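In what follows, a structure is listed as structure tokens, so that the remarks can point back to it.
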């Protein structure tokens, strides 16, 4: 898993006799070690969703790239409107 993974809500899709079951796990909890889903079984599918704020570049640091690109775009549009 990378830093973009949501470790609080991991979906484990397990095949059972009647179809499949989805179990949501919190990998940051100590209870995962005693969980029956700690060990993967054959045909298990693990889905880890991405963190929304990391996907858009809004992590722990200030998003300078978004701010500066917005300011320069606004200045460019203002300059373009003044010329016309």
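Residue numbers (this note's numbering): 215 to 298. For glycine and all other residues, C-beta sits at the position ideal for the given N, C-alpha and C. Quick caveat: nothing in here was measured; it's all calculated off a predicted structure.
Measure the C-alpha to C-alpha separation of residue 298 and residue 277 and round it to an integer number of angstroms.
As a first step, residue 298 is located in the chain shown; it is residue number 84 there, counting from the start. As a first step, residue 277 is located in the chain shown; it is residue number 63 there, counting from the start. Going by the C-alpha atoms only, they are around 32 Å apart.
Just to confirm, are residue 220 and residue 265 a CB contact at a threshold of 7 Å?
One-based indexing of the chain shown puts residue 220 at position 6. One-based indexing of the chain shown puts residue 265 at position 51. In contact: residue 220 and residue 265 (Cβ atoms closer than 7 Å).
To the nearest angstrom, how far is it from the Cα of residue 244 to the Cα of residue 251?
One-based indexing of the chain shown puts residue 244 at position 30. One-based indexing of the chain shown puts residue 251 at position 37. Looking at the two C-alpha atoms, the distance is approximately 13 Å.
Since I believe residue 296 is in contact with residue 263 (beta carbons under 8 Å), could you give me their beta-carbon distance rounded to a whole number of angstroms?
As a working note, residue 263 is residue 49 in the chain shown. As a working note, residue 296 is residue 82 in the chain shown. With a Cβ gap of about 45 Å, residue 263 and residue 296 do not count as contacting.
Assuming contact is defined by CB atoms lying nearer than 7 Å, are residue 247 and residue 239 in contact in what I supplied?
The residue you call residue 247 lines up with position 33 of the chain shown. The residue you call residue 239 lines up with position 25 of the chain shown. Cβ atoms of residue 247 and residue 239: not closer than 7 Å.
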